[in-house]
Each structure stands twice: as structure tokens, then as C-alpha cells.
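J.: One rule links them: number in my numbering = place in the sequence shown (from 1) + 21. In this text, a Cβ means the ideal position worked out from N, Cα and C, and glycines have one as well. Keep in mind it's a predicted model, so treat the numbers as computed, not measured.
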Amino acid sequence: MKKSTLQKYIVPVMFIIIGAAGGIVISRITDEITGLSFPVAIAVGLLLFGIALYIHIIIHEGGHCLFGLLSGYRFVSFRVGSLMWLRTPEGIKRKKYSLAGTGGQCLMEPPGDINDDFPVVLYNMGGVIVNLIAAALFWLLSMLCKSNPYLHVFCSLMTVCGIGLALTNGIPLKGLVNNDGSNTLELIGNPAAKRAFWISMKVNAKISDSISIADLPEEWFEMPEKKDYNSSLISYIPYARNDRLLTLGRFEEASELRKHILAEVTGLPGIYRALLQSEDIFYELTHENRKEVIDSIYTAEFAKTVKQIRSLPPILRMECLKAKLHDHDDAKFKKNMAEYEKLLKSYPYATEGENDRRLLNDALKQTEA
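In C-alpha cells:
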């Protein structure tokens, strides 16, 4: 069985096991708490499960932050759900942002320079470590508070959620966004992956500081060796190189690069692949606008991914232009434009948002010329 096929089964099976364990714990409410009807007891149990899961997401991201700081990293952003705290030139600001495939995210700025050795394991696995510690503590508490059914069930759910989050993040899995275990496995003993990880985190930090990707060192975006094309972490470099070329207005060069990346870079995570395909559609719309070319990229599978990552400006930018020039649907174009403007108003990375808006404005002016 291929690894990618195996992973398609691993994730659902793990969630089924976690859900079953949570269901068993919730069912205790009907046994331990008298005076509640069955539907009310189940509702209370599900509420406690949701609270426990949310707390563990905070604990998980807090673990990344704690071990990152202990490893010499600097804080950049902390997100749980759509609530985000971001470092900006004016200080820490609260923002709103979400990303499919992640319940939260703690991004930090790595220490040292581009070719320096620096610690990576504790920062990447900090969330898993703290989830397991919390799960163990709540298991002990559940043993001590059996006389209080609400507290006993809640502590048991905290144990289940902690173990569940540790497993889903700690067991190496690739997908739309690769998990902590996958990243850590790639980083161990791989200087090229560590260098790419440093660059990706540094670029994010600079963008948070309102510095455009076009103003960052060219050295950071040099294409990796072909032998590293199967690395998910290293695939960030060609992906970011394309982003930089677009910002610099070198569209033909970016188009040729995307052809090479999509054909040769096998380690691309799903989210990078979808974003590059989205740029291919945008480029085609602004040039030859061939229906068959756009339809060949905009498959049912691609459409499904687009729905998951509409919180990313390049995706909505493409959707706006596609509605106008490919679908010829004025109502859809206006709806997408309203969604795009709303997104950019709350988008946490202002410089990146401005660059994206410029690309769309230039394309729309071109269609009116």
C-alpha cells in the first residue's frame, strides 16, 4: 500500500478512535449524573468535550511557544481558531485569521543566521509534549475527583483530548498542511531542511514586520538541489520564489517556474500545490484565457481544496477574476469581490495583502483597457 494511501486511512481511523473514546466518557454522564434526561446529558457531555478540545488547542500552541522561547526563538504570532495575536511594528495586535487543516498555530522567529545550526525538535514537538503532560495530570485528577461526576467526566475528557491531539500531531502525517511530527522527522539530521525551515519562519517574521518579500535577500530564494525536491520543508523555497517573482512583476518567469515546480517538486504540501495552481489560472486569465486550460486545472478536486482555503487572498483573487473572465457571471464576481475586500480588511499581513490587491487591480484594469 502506498504511503499516501495509507495516510488517508490513518487519519480517519485515529479520529474514530478518539471520538469513540470521547463517546465512552460522555456516556458516563448518563450513569453518574442523576436528574438529567438522556438528551440533556449528551448535550452537556458534548459541551464539555468541546471545551476540553479548545483548552487543549491552547495548551498545544502554548507548548510550541514555551519551548520555542526556551530554544531562543522570538514570538511572532499565536492563533487559536480564528483568534490571532500578531507581532507588528506597533506591538502585539489582535487579529482574525484561520487556515484549513490547523486548529491553531504558533509561529516564531528562529535564532541565528541562515546557515547556522539551531534547535528545532523542542519547538516543533513542544505542543505534543505539553498535551501529553496535561493529559497525564488530568488523568490523575480524574482518579481523585470521582465523587464529583461533572469534574470527573471533564478531567477524563481532558485526558482523551490531550492524547488525541498528541497522536494526530505527533505521528508524522502529510496533507494540506503537514503536521508537527512530519516536520520534525524531516528536520532531524537534514541541514538543507533545517535551512529551509529557518528561511520559511524568517520570511513569515519579516512579513509580520511589514517587510515585503520582494525586499528580502535573493539568497533566501535560490532553487534547492533536485535531490531535495521530495522534501516538504524544502519545497517552501521554490513556492516562496514564485511568490517573490509575482511581487516583483516578473510574471512570465514565475509562470515558467510554476510549471517546473508542479512537475518536478514532489514534496509539495497540498496547500502549496493549490496556491500555485491558483496562480496558473490567474496567469492564464490575464493572458490567453483559454477555457480548456483553465478547466483542466480547475478540477473537482481543486475546487474542493479551494473551498477549504478561501481565507487566503491569492485564492479569492483568482476566484474574482475567474468569475468575471471565465464564468462571465457578474453576480458571482461582485459577491467574490465583496468577500475579497472583507478578507483584506482583516488580513493580518498588511504588506502581503497590499501586494495581492495590486495584482488584482492591475488585472482588472487590463480587462477594461
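1) Would you identify the three-state DSSP class for residue 175, choosing helix, strand or coil?
2) Assuming residue 109 is part of the alpha helix (DSSP H), what are its boundary residues?
3) Taking the Cβ atom as the reference point for each residue, do residue 73 and residue 166 lie within a distance shorter than 8 Å?
4) For residue 22, which residues of its own chain have a beta-carbon under 6 Å away from its beta-carbon, when the five flanking residues on both sides are left out?
5) How would you write the range of the alpha helix (DSSP H) that residue 161 sits in, first residue to last?
6) Classify residue 369 as buried or exposed, calling it buried when 16 or more other Cβ atoms lie within 10 Å of its own Cβ.
7) Which same chain residues, not among the five before or five after residue 85, have their C-beta less than 7 Å away from its C-beta?
8) Out of 334, 268, 246 and 303, which has the shortest C-alpha to C-alpha gap to residue 285?
9) Assign residue 338 to one of three DSSP states: helix, strand, or coil.
10) Given that a residue counts as buried once 16 or more other Cβ atoms are within 10 Å of its Cβ, and exposed if not, what is residue 301?
11) Report buried or exposed for residue 97, applying the criterion of at least 16 other Cβ atoms within 10 angstroms of its Cβ.
12) Assess contact between the segment 100-108 and the segment 150-157, defined as three or more Cβ pairs (one per stretch) separated by less than 8 Å. Is contact present?
13) Are there 16 or more other CB atoms within 10 angstroms of the CB of residue 273, so buried, or fewer, so exposed?
14) Taking all protein chains shown into account, do 16 or more other C-beta atoms lie within 10 angstroms of the C-beta of residue 298, making it buried, or fewer, making it exposed?
15) To which residues of the same chain is residue 117 closer than 6 Å at the C-beta, ignoring the five residues directly before and after it?
16) For residue 280, report the span of its alpha helix (DSSP H) as first-last.
17) DSSP three-state label for residue 116, please.
18) Compare the beta carbon distance of residue 318 and residue 292 with 8 Å and say whether it is the shorter of the two.
19) How is residue 186 classed by DSSP in three states: helix, strand or coil?
20) With DSSP as the reference, label residue 130 as helix, strand or coil.
21) In chain order, what residues of the same chain have a beta carbon less than 6 Å from the beta carbon of residue 262, not counting five sequence neighbours either side?
22) Could you compute how far the alpha carbon of residue 78 sits from the alpha carbon of residue 124?
23) When you compare the segment 338-355 with the segment 370-381, are there three or more beta-carbon pairs, one atom per stretch, that lie closer than 8 Å?
24) Does the structure place the segment 59-74 close enough to the segment 174-193 that three or more beta carbon pairs sit under 8 Å?
25) Once you ignore the five residues that flank residue 220 on each side, which residues in its own chain have a CB closer than 6 Å to its CB?
26) So what does residue 401 bridge to, in DSSP terms?
27) Below 8 Å on the Cβ atoms is my guess for residue 223 versus residue 131; work out the distance and round it to an integer in Å.
28) Tell me whether residue 169 sits in a helix, a strand or coil according to DSSP, three-state version.
29) Taking the alpha-carbon of residue 287 as reference, which of 139, 256 and 356 has the nearest alpha-carbon?
30) How is residue 288 classed by DSSP in three states: helix, strand or coil?
31) Check residue 121 in the structure and name its three-state DSSP category.
32) Which whole-angstrom value is the C-beta distance of residue 244 and residue 258, which I expect to be below 8 Å?
33) Residue 386: buried (16+ other C-beta within 10 angstroms of its C-beta) or exposed?
34) For residue 358, name the three-state secondary structure that DSSP assigns.
35) Considering only their Cβ atoms, is the gap separating residue 230 from residue 110 smaller than 8 Å?
T.: Reading off the structure:
1) helix
2) From DSSP, residue 109 is part of no alpha helix (DSSP H) but of the beta strand (DSSP E) over 104-109.
3) no
4) In this prediction, residue 22 has a pLDDT of 40, which is less than 50 and means its spatial position is unreliable; what the coordinates show is noted afterwards. Nothing listed; no residue qualifies.
5) 142-165
6) buried
7) 127, 144, 147 and 148
8) 246
9) helix
10) buried
11) buried
12) no
13) exposed
14) buried
15) 103 and 367
16) 272-285
17) strand
18) no
19) helix
20) strand
21) 242
22) 7 Å
23) yes
24) yes
25) 241
26) No answer is possible for residue 401: the residues shown for the chain start at 22 and end at 390.
27) 7 Å
28) coil
29) 256
30) coil
31) coil
32) 7 Å
33) exposed
34) helix
35) yes
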